[in-house]
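Chemist:
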Amino acid sequence: MNRIIPLFLPLLLLLAQSAHARLEIEITGGEEGALPIAVVPFAYEGAGAPPQDLAAIIAADLKRSGRFAPRAAESLPERPREGREVNFPAWRNAGIDNVVVGRIQQQAGRYLVQFQLLDTLRGTQQAGYSIPAGSGQLRSVAHQISDIIYERLTGERGAFNTHVAYVMTDQLADGKRQYRLAIADADGYNEQIILTSGQPLMSPAWSPDGSRLAYVSFEEGRSAVYVQQVRSGQREKVASFEGINSAPAWSPDGQKLALTLSRDGNPEIYILSVDDRRLTQVTRHYAIDTEPAWAPDGRSLVFTSDRGGRPQIYRVEIGSTGTIGRPQRITFEGTYNARAAFSADGKYLAMVHGSGGAFRIGLLELASGNLRVLTDTRLDESPSFAPNGSMIIYATEVGGRGVLQVVSVNGGARQRLGLVRGDVREPSWSPFILE
Amino acid sequence: MKRYQLTLGLLACAGVLLQGCTAPGETRPDEGSAVVEERSVGPGGEGAAREGEGAQAGSAQMGRGAALHPLEDPESPLSRRVIYFEFDSSEVSAADRALVTAHAQFLSQHPEVSVVVEGHADERGSREYNLALGERRAKGVERLLNLQGTGKEQMQVISFGEERPVALGHDEQAWGLNRRVELLYSGY
């Protein structure tokens with residue numbers, strides 16, 4: 000019954016620079032019907048102090064999702080180290096149906112993490128794994144454990160062991176502004192700066208395999224689109240036409256970028272083949288057309304256009320032979336709808352929804368056309384779905400500062416990632432990390 | 000008709016400006032002709048100024064003299080180089096059209112001078128849309144300059160969208176200052 004399956008870590012991101020976590024995290028709210036769960040502090044078998052509090056990381060992950068209500072470590076009826084030590088009736092009496100136990104063993108400078116997820120009602124193990132890790136990988140191991148628990152109990156794949164890219168700005172002592180493109184774990188830890196510039200950086204977008212980021216940089220005094228390998232830091236400029244070069248969005252196959260160019264005098268959507276740099280024009284209209292996003296099946300794009308007078312979202316079919324359909328407007332509620340992002344299942348669009356002078360994150364269900372406002376701040380922008388579609392990260396302003404917020408798609412749970420100094424914005428949630 | 004008069008007025012004005020002459024200022028009587036009124040050379044412009052303005056005109060003549068370059072003259076309409084916009088609009092207001100005209104006059108008479116027309120937006124709404132909006136504002140100003148004689152080769156349009164605010168607040172006052180097109184003369 001106490002079966003433990005070995006699990007091997009995928010390669011971790013190797014980044015050019017590393018830095019301390021600078022994002023401060025604040026979790027507020029929770030959903031109705033969140034599932035009570037206990038994550039017992041992991042036992043440590045080794046020299047010195049435990050290298051990481053894995054149970055705390057796992058509990059924070061689960062709480063952040065809004066689907067779980069982890070019990071405080073102090074209020075647990077007992078602290079078993081493994082499944083066979085668990086007194087199931089004691090947990091049932093405490094109203095806790097699910098218990099996570101685990102231990103960290105130090106082995107020749109490395110660690111072996113074992114954990115089990117137990118169902119206290121049935122007295123059975125629902126999952127058990129043994130995961131070897133280096134000391135720098137323990138947070139990632141905790142997120143993997145969170146993913147396993149989440150998937151086992153909700154039936155959906157977890158997205159805790161993923162990353163977020165974002166742009167930070169702050170004012171230097173000499174008054175100059177500094178722009179930094181960073182990547183961190185989805186919980187805001189392990190921040191790593193991958194580009195620093197004295198000129199604006201914008202619109203980071205992950206390639207579907209998580210290996211590359213496309214973004215806009217003004218480092219040459221005007222906008223240009225770059226693609227950077229996340230691991231090596233190697234990068235190349237892929238679009239620097241006359242006018243604006245902006246809003247890169249990867250096609251689901253990772254071969255093409257949809258982007259906005261005003262090379263012919265007006266912002267239009269184009270598709271750029273990344274390898275041979277071939278351009279296909281998608282829109283032709285004197286209005287502003289920008290912010291393309293691919294449907295997950297690659298057969299259509301949505302984009303922002305003010306061809307109707309105000310920015311709204313339009314959809315255009317892309318045929319397999321490259322034929323371009325006629326754009327159809329798909330948002331009708333509110334005076335301003337822009338910067339749409341698709342959920343991975345293609346059923347929802349998150350967008351900047353302006354109404355009554357406030358700009359909030361709206362969620363449009365494509366099948367029904369129903370739009371639901373998920374946020375209550377007033378300067379929201381840049382929504383990006385977690386790869387499992389359960390949460391949306393976006394940028395907003397709180398207390399005069401640019402911060403990132405995460406909201407669960409079902410509403411309720413919120414978390415805020417803020418900087419001690421300066422502003423943070425333009426979050427982009429990574430895809431699932433591929434092994 | 001109104002614009003025609005306005006242009007004539009500015010033509011006269013620009014000629015004076017190029018000699019380094021400054022006219023006394025006056026508050027705007029109405030939007031459409033504000034800048035023309037402000038800078039035109041009327042009876043008051045010769046020094047017989049209204050109360051409280053004579054000293055200002057005199058010191059300008061003594062202090063700066065006729066050799067002052069119009070782009071360096073703080074009294075010149077060319078010293079104003081920012082055009083402001085309404086939210087999600089790229090329409091140049093009637094008052095600012097006169098300002099653009101003053102720059103067009105100068106640029107058409109100085110084909111060796113080039114200018115960067117830099118468009119910006121406030122922080123509301125989405126960033127990439129705002130980048131496009133900043134460009135549309137700048138292109139609108141570029142078009143006005145071009146229609147009034149500025150050579151296309153003299154102008155370069157760049158948009159920074161909402162990425163380079165001049166006011167860092169999150170209220171209408173800051174937004175109003177950030178929705179702008181700046182005319183940037185190299186060296187001035």
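These protein sequences, in sequence, are chains A and B.
Here numbering that gives the first Met the number 0 is used: the first residue of the first sequence is 0, the next is one more, and so on.
Here numbering that gives the first Met the number 0 is used: the first residue of the second sequence is 0, the next is one more, and so on.
Just so it is clear, CB atoms sit at the ideal spot from N, CA and C, and this is done for glycine as well.
As the structure is a prediction and not an experimental result, all values here were calculated from the model.
1) For the segment 360-369 of chain A and the segment 338-351 of chain A, state whether three or more C-beta atom pairs, one from each stretch, are separated by less than 8 Å.
2) Here's a check: name, in chain order, each residue in its chain whose Cβ is nearer than 7 Å to the Cβ of P110 (chain B), leaving out the five neighbours to either side.
3) Measure the C-alpha to C-alpha separation of T168 (chain A) and Y178 (chain A) and round it to an integer number of angstroms.
4) Considering only the beta carbon of each residue, do V402 (chain A) and V423 (chain A) sit closer than 8 Å?
5) When DSSP labels each residue in this structure, what does Q172 (chain B) get in the three-state scheme?
6) Alpha carbon to alpha carbon, how far is R234 (chain A) from S202 (chain A)? Give it in angstroms, no decimals.
7) What alpha helix (DSSP H) runs, 4 residues minimum, are completely inside the segment 100-174 of chain A?
8) Listed in chain order, which residues of the segment 139-168 of chain B have Cβ atoms closer than 7 Å to some Cβ of chain A?
9) Please identify the residue among A:V38, A:S64 and A:D173 whose C-alpha is closest to the C-alpha of A435 (chain A).
10) Hey, could you find the ends of the alpha helix (DSSP H) D95 (chain B) is sitting in?
11) In this structure, does DSSP put T259 (chain A) in helix, strand or coil?
12) Strictly below 9 Å CB to CB, what residues from chain A border R79 (chain B)?
13) Quick check on the DSSP output: the beta strand (DSSP E) that includes A394 (chain A) runs from which residue to which?
14) Residues of chain B with a CB under 7 Å from the CB of P430 (chain A): which are they?
15) Give the single residue among B:T100, B:Q172 and B:E85 whose Cα lies nearest to the Cα of L144 (chain B).
16) Whose Cβ in chain B lies nearer than 8 Å to the Cβ of I287 (chain A)?
17) My understanding is that G124 (chain B) touches Y335 (chain A), with C-beta atoms under 8 Å, so please give their C-beta distance in whole angstroms.
18) Could you give the C-beta distance for A435 (chain A) and L116 (chain A), rounded to a whole number, given that I count them as a contact under 8 Å?
19) Of the residues that make up the segment 372-404 of chain A, which ones have a beta carbon closer than 8 Å to any beta carbon in chain B?
20) Indicate whether the contact test is met: 3 or more Cβ pairs, each with one atom in the segment 206-218 of chain A and one in the segment 170-180 of chain B, closer than 8 Å.
21) Across which residues does DSSP place D422 (chain A) in a beta bridge pair?
22) Using the three-state DSSP reduction, which class does R221 (chain A) fall into: helix, strand or coil?
23) Go through the segment 27-54 of chain A residue by residue and report every complete run of the beta strand (DSSP E) that reaches 3 residues or more, in order.
24) Compute the Euclidean distance between the alpha carbons of E290 (chain A) and S158 (chain B), then round it to the nearest angstrom.
25) Would you kindly report the start and end of the unbroken beta strand (DSSP E) that includes E290 (chain A)?
26) Looking at the secondary structure, which residues open and close the beta strand (DSSP E) in which V402 (chain A) lies?
27) What's the C-alpha gap between A339 (chain A) and V301 (chain A)?
28) Against chain A, does E122 (chain B) count as a neighbour if the rule is that its beta carbon must be under 8 Å from one of theirs?
29) Q198 (chain A) to S222 (chain A), Cα distance in whole Å?
30) Return the residues of the segment 290-311 of chain A that lie within a Cβ-Cβ distance of less than 9 Å from chain B, sorted by chain order.
31) With 7 Å as the C-beta to C-beta threshold (strictly closer), list the residues of the segment 335-348 of chain A near chain B in chain order.
32) How would you call V175 (chain A), buried or exposed, if buried means at least 16 neighbouring beta carbons within 10 angstroms?
33) Who does Q311 (chain A) pair with in a DSSP beta bridge?
34) Output the residue ranges of the beta strand (DSSP E) runs that lie fully inside the segment 345-378 of chain A and measure 3 residues or longer, sorted by chain position.
35) Helix, strand or coil: which one does DSSP assign to N145 (chain B)?
36) Run down chain B in chain order and give the residues with a C-beta less than 8 Å from the C-beta of R221 (chain A).
Modeler: On the basis of the data shown:
1) Taking 8 Å as the limit for Cβ pairs, the verdict is that the segment 338-351 of chain A does touch the segment 360-369 of chain A.
2) G150 and Q153
3) Rounded to whole angstroms, the gap between the alpha carbons of T168 (chain A) and Y178 (chain A) is 5 Å.
4) yes
5) helix
6) Taking the straight line from one Cα to the other gives about 16 Å.
7) For the segment 100-174 of chain A, whole alpha helix (DSSP H) runs of length 4 or above, ordered along the chain, are 137-153.
8) I157, S158, F159, E162 and R163
9) Nothing in the structure corresponds to residue 435 (chain A), since chain A is present only between 0 and 434.
10) A93 to Q108 is the extent of the alpha helix (DSSP H) around D95 (chain B).
11) Note: T259 (chain A) maps to strand in three-state DSSP.
12) Ordered by position in chain A, no residue passes the 9 Å Cβ test against R79 (chain B), which lies about 24 Å from the chain.
13) Where A394 (chain A) is concerned, the enclosing beta strand (DSSP E) stretches over M390 to V397.
14) Neighbours of P430 (chain A) on chain B: none; closest Cβ ~21 Å, over 7 Å.
15) B:T100
16) Y128, A131, L132 and R135
17) So it is a contact: roughly 6 Å between Cβ atoms.
18) What the structure shows of chain A is the stretch from 0 to 434, and residue 435 (chain A) is not part of that stretch, so it cannot be assessed.
19) L378, E380, S381, E396 and G399
20) They do not touch, by the three-pair rule.
21) A:T168
22) coil
23) 34-38 and 42-44
24) When only Cα atoms are considered, E290 (chain A) and S158 (chain B) end up about 16 Å apart.
25) D288 to W293
26) R400 to S407
27) 7 Å
28) yes
29) 10 Å
30) E290, T303, D305, R309 and P310
31) Y335, A337 and R338
32) Position check: residue 175 (chain A) holds Lys in this sequence, whereas Val was assumed. K175 (chain A) is exposed by the Cβ-count criterion.
33) A:S304
34) 347-354, 357-364 and 370-372
35) helix
36) I157
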